[in-house]
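*Asks:*
In full-length UniProt numbering, the protein residues as written are 1 to 517.
#1: By Cβ distance, which residues of its chain are closer than 6 Å to residue 183, with the 5 residues on each side in sequence left out?
#2: To the nearest angstrom, report how far apart residue 335 and residue 295 are at their CA atoms.
#3: Terminal residues of the continuous alpha helix (DSSP H) containing residue 447?
#4: According to the Cβ coordinates, are residue 283 and residue 125 closer than 8 Å?
#5: List the whole-angstrom C-beta distance separating residue 190 from residue 310, where the pair is believed to meet the contact cut-off of C-beta under 8 Å.
#6: Can you list, in chain order, the residues of its chain with a C-beta nearer than 7 Å to that of residue 385? Leave out the 5 residues immediately preceding and following it.
#7: List the whole-angstrom C-beta distance separating residue 211 from residue 330, where the pair is believed to meet the contact cut-off of C-beta under 8 Å.
#8: Work out the CA separation of residue 312 and residue 34 for me, nearest whole Å.
#9: Leaving out five residues before and five after residue 62 in sequence, what residues of the same chain have Cβ atoms less than 6 Å from its Cβ?
#10: Quick check: the Cα distance between residue 501 and residue 464, rounded to an integer number of angstroms?
#11: Along the chain, where does the alpha helix (DSSP H) that runs through residue 370 open and close?
#12: For a quick check, are the C-beta atoms of residue 142 and residue 192 less than 8 Å apart?
#13: Given a cut-off of 8 Å, decide if residue 69 and residue 80 are closer than it, judged by their beta-carbon atoms.
#14: Cα-Cα, which of 2, 31, 496 and 422 is closest to residue 16?
#15: Out of curiosity, what's the CA-to-CA distance linking residue 432 and residue 426?
#16: So does the region 485-503 actually touch the region 451-468, counting three or more Cβ pairs closer than 8 Å?
#17: Inspect the beta-carbon positions of residue 115 and residue 104 and report whether they are closer than 8 Å.
#18: Is it right to say residue 360 is buried, meaning 16 or more other beta carbons lie within 10 angstroms of its own, or is it exposed?
#19: My output table needs one value for residue 134: the three-state DSSP class, helix, strand or coil.
#20: What number of angstroms, rounded off, separates the C-alpha of residue 289 from the C-alpha of residue 108?
#21: Sort 262, 247 and 489 by Cα distance to residue 253 and report the nearest one.
#22: Less than 8 Å between the C-beta atoms of residue 277 and residue 291, yes or no?
#23: Give me the residue from 411, 27 and 74 with the minimum Cα distance to residue 64.
#24: Roughly how many angstroms separate the alpha carbons of residue 74 and residue 217, rounded to a whole number?
#25: Since residue 18 contacts residue 82 with CB under 8 Å, what's their CB separation in whole angstroms?
#26: Beta-carbon within less than 6 Å of residue 338's beta-carbon, same chain only, minus the 5 sequence neighbours each way: which residues are those?
#27: Between residue 222 and residue 269, how many whole angstroms is the CB-CB distance? I'm expecting something under 8 Å.
#28: Please check the pair residue 225 and residue 301, which I expect to be a contact at CB under 8 Å, by giving their CB distance rounded to whole angstroms.
#29: Alpha carbons only, please: which of 490, 203 and 486 is nearest the one belonging to residue 260?
#30: How close, in whole Å, do the beta carbons of residue 171 and residue 162 come, if the pair is a contact with beta carbons under 8 Å?
#31: For residue 1, is the classification buried or exposed, using 16 other Cβ atoms within 10 angstroms of its Cβ as the cut-off for buried?
#32: Can you look up residue 416 in the DSSP assignment and give me helix, strand or coil?
#33: If you draw a straight line from the C-alpha of residue 479 to the C-alpha of residue 437, how long is it?
#34: Determine, using beta carbons only, whether residue 306 and residue 88 come nearer to each other than 8 Å.
#35: Please list, in chain order, all residues of the same chain as residue 44 whose beta carbon is under 7 Å from its beta carbon, the five residues on each side excluded.
#36: With burial defined as no fewer than 16 other Cβ atoms inside 10 Å of the residue's Cβ, what is the status of residue 39: buried or exposed?
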């Protein structure tokens, strides 16, 4: 599948329209162009590919934040394909990251895919991408990411690069293989994360990638980019190789028929195309192969020097891990030798509320899922209560951002968390639980509402909470789990709750839950 130049141009304009309208939404982590996928299968429909940190059903997204299904350019509608990906970070291995011991040893001669680091960059390690020839003086240099070799632009020429990297046991005394030479600039809106370091031993190298799973670069095995950043879902962002070589004024190194290092033919470097199978060898995840899911990607990336906007990147899935940064990415492979993603990022709402009250709520993701799936989802009122946190999540995050509960609030929050955590877990675990709602439970709920009214809720929200407490919560006194579910499934109770919530302007509902006929 190929996109015509005219279609690419229109998709880029469509991407711009989407980012101009929705790019400020914290849930939108990037956008590019490619082809639409439906039910996991590729189609030939051109699409703007929009990345979101958390993908939800439309009913659980605020109408203000709901991405359109299509975007129109010059009167032509193009599909908008929303995928879960990001936020992205430049992931060197450091002492906070556990990794598999894949390509971490000392390797002489050094080979693409092995572990390297800058000696002034702390306890880290990234990946040696490949070898290049400096067009200025013909010297052989290694190529990797700027954030691996050049300390994200902070390095000075001559700084030492060791193999293996410091994290993997390398030392300046015995393992120096190169010195920093040049770095591509990293301005906001740039597209490059690359640097070169001149080899100390100009003949001490091998072009064969580590692990012997794929051949060196050639016209038959062209290079497309450098693995640059990733997320916890396994999505990776790649810097384009054609732009990288031009910016650093270097040529890809290959061997001629006599074994001499020479500049590679032009066909050994290609521009990216969506739906192309790609492969790499990296320090942490070893060999992997996936597919290009989008090109022309624009995304903010967390770098060692802060958040920076990058443009014209390549996106792929299940391709790399922290420490693979700098890996050369080639056209090839089966497209399905995947890297398992890390654990999913915690719910932003739990993280925000947990930080505000200093409670370990992100550790309760499973409990929150049980509450949603095994209890709330079984009733009309429960389904409404499921929807509201998702729709209003960003409003809560914005309201609590940078704030901290008072000392007394922290004390009460800890007290009630300890009192009810295990009780809730036991009731949720037993559909036939005989535990009932007591007057003490209701009194505690009333006290919590009072506390929230002092610092978190608006006046209208406080009035709403008190109204629901009186009209909807007090009647559950003495009910067990099954009785409470039956009560919450009554249309008259649902109407009381929905009408009261819908009357408060600061809370979005996206309309009522469809009532059973």
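Don't be surprised by glycine CBs; every beta carbon is placed ideally from N, CA and C.
*Replies:* In terms of the structure at hand:
#1: The count along the chain shown starts at 1 and reaches residue 183 at position 183. 146, 150, 153 and 195, listed in sequence order.
#2: Within the chain shown, residue 335 is the residue found at index 335, counting from 1. Within the chain shown, residue 295 is the residue found at index 295, counting from 1. Going by the C-alpha atoms only, they are around 17 Å apart.
#3: Here residue 447 corresponds to residue number 447 of the chain shown, with the count starting at 1. From DSSP, the alpha helix (DSSP H) with residue 447 extends over 439-455.
#4: Start at 1 with the first residue of the chain shown, and residue 283 comes out as number 283. Start at 1 with the first residue of the chain shown, and residue 125 comes out as number 125. Yes, Cβ-Cβ distance for residue 283 and residue 125 is below 8 Å.
#5: Your numbering for residue 190 matches position 190 in the chain shown. Your numbering for residue 310 matches position 310 in the chain shown. The pair is a contact, with the Cβ atoms about 7 Å apart (cut-off 8 Å).
#6: Looking up residue 385 in the chain shown gives position 385. Contacts found: 376.
#7: Along the chain shown, one-based indexing puts residue 211 at 211. Along the chain shown, one-based indexing puts residue 330 at 330. With a Cβ gap of about 13 Å, residue 211 and residue 330 do not count as contacting.
#8: Here residue 34 refers to the residue found at position 34 when the chain shown is read from its first residue. Here residue 312 refers to the residue found at position 312 when the chain shown is read from its first residue. Approximately 13 Å between the Cα atoms of the pair.
#9: Position 62 of the chain shown, counting from 1, holds the residue named residue 62. Taken in chain order, the residues that qualify are 391 and 508.
#10: Your numbering for residue 501 matches position 501 in the chain shown. Your numbering for residue 464 matches position 464 in the chain shown. Each residue's Cα considered, the two are about 7 Å apart.
#11: Along the chain shown, one-based indexing puts residue 370 at 370. First-last of the alpha helix (DSSP H) with residue 370: 365-370.
#12: Against the chain shown, residue 142 aligns to sequence position 142. Against the chain shown, residue 192 aligns to sequence position 192. Cβ distance not < 8 Å, so residue 142 and residue 192 don't count as in contact.
#13: As a position in the chain shown, residue 80 is number 80, starting the count at 1. As a position in the chain shown, residue 69 is number 69, starting the count at 1. Cβ distance < 8 Å, so residue 80 and residue 69 count as in contact.
#14: Here residue 16 refers to the residue found at position 16 of the chain shown. Closest option to residue 16, Cα to Cα, is 31.
#15: Residue 432 sits at position 432 when you count from the first residue of the chain shown. Residue 426 sits at position 426 when you count from the first residue of the chain shown. Going from the Cα of residue 432 to the Cα of residue 426 covers about 11 Å.
#16: yes
#17: Along the chain shown, read from residue 1 onward, the residue named residue 115 stands at position 115. Along the chain shown, read from residue 1 onward, the residue named residue 104 stands at position 104. Yes, Cβ-Cβ distance for residue 115 and residue 104 is below 8 Å.
#18: Numbered from its first residue, the chain shown carries residue 360 at position 360. That one is exposed.
#19: Here residue 134 corresponds to residue number 134 of the chain shown, with the count starting at 1. In the structure shown, residue 134 sits in a strand (DSSP, three-state: E or B).
#20: Stepping through the chain shown from its first residue, residue 289 is reached at position 289. Stepping through the chain shown from its first residue, residue 108 is reached at position 108. For residue 289 and residue 108, the distance between alpha carbons rounds to 26 Å.
#21: The residue labelled residue 253 in the question sits at position 253 within the chain shown. If we check each option's Cα against that of residue 253, 262 comes out closest.
#22: Against the chain shown, residue 277 aligns to sequence position 277. Against the chain shown, residue 291 aligns to sequence position 291. In this structure, residue 291 lies closer than 8 Å to residue 277 by Cβ.
#23: Your numbering for residue 64 matches position 64 in the chain shown. It is 27.
#24: Within the chain shown, the letter at position 74 stands for residue 74. Within the chain shown, the letter at position 217 stands for residue 217. Distance between the alpha carbons of residue 74 and residue 217: 41 Å.
#25: Here residue 18 is taken as the residue at index 18 of the chain shown, counted from 1. Here residue 82 is taken as the residue at index 82 of the chain shown, counted from 1. Not really, about 10 Å apart at Cβ, beyond 8 Å.
#26: On the chain shown, position 338 is the one that residue 338 refers to. The answer, listed in chain order, is 318.
#27: The residue you call residue 222 lines up with position 222 of the chain shown. The residue you call residue 269 lines up with position 269 of the chain shown. Contact between residue 222 and residue 269 holds: their C-beta atoms lie close to 6 Å from each other, under 8 Å.
#28: As a working note, residue 225 is residue 225 in the chain shown. As a working note, residue 301 is residue 301 in the chain shown. Incorrect: roughly 15 Å between the Cβ atoms, too far for contact.
#29: Mapped onto the chain shown, residue 260 falls at position 260. Cα-wise, what sits closest to residue 260 is 203.
#30: Your numbering for residue 171 matches position 171 in the chain shown. Your numbering for residue 162 matches position 162 in the chain shown. Their Cβ separation, rounded to whole angstroms, is 7 Å, which keeps residue 171 and residue 162 in contact under 8 Å.
#31: As a working note, residue 1 is residue 1 in the chain shown. Classification for residue 1: exposed.
#32: Translated into positions along the chain shown, residue 416 becomes position 416. The answer is helix: DSSP assigns residue 416 an H, G or I state.
#33: On the chain shown, position 479 is the one that residue 479 refers to. On the chain shown, position 437 is the one that residue 437 refers to. Rounded to whole angstroms, residue 479 to residue 437 spans 6 Å at the Cα level.
#34: Position 306 of the chain shown, counting from 1, holds the residue named residue 306. Position 88 of the chain shown, counting from 1, holds the residue named residue 88. It is not a contact, given that the beta carbons lie outside the stated cut-off.
#35: Residue mapping note: residue 44 aligns to position 44 of the chain shown, counting from 1. Contacts found: 1 and 35.
#36: By one-based count along the chain shown, residue 39 stands at place 39. Burial call: exposed.
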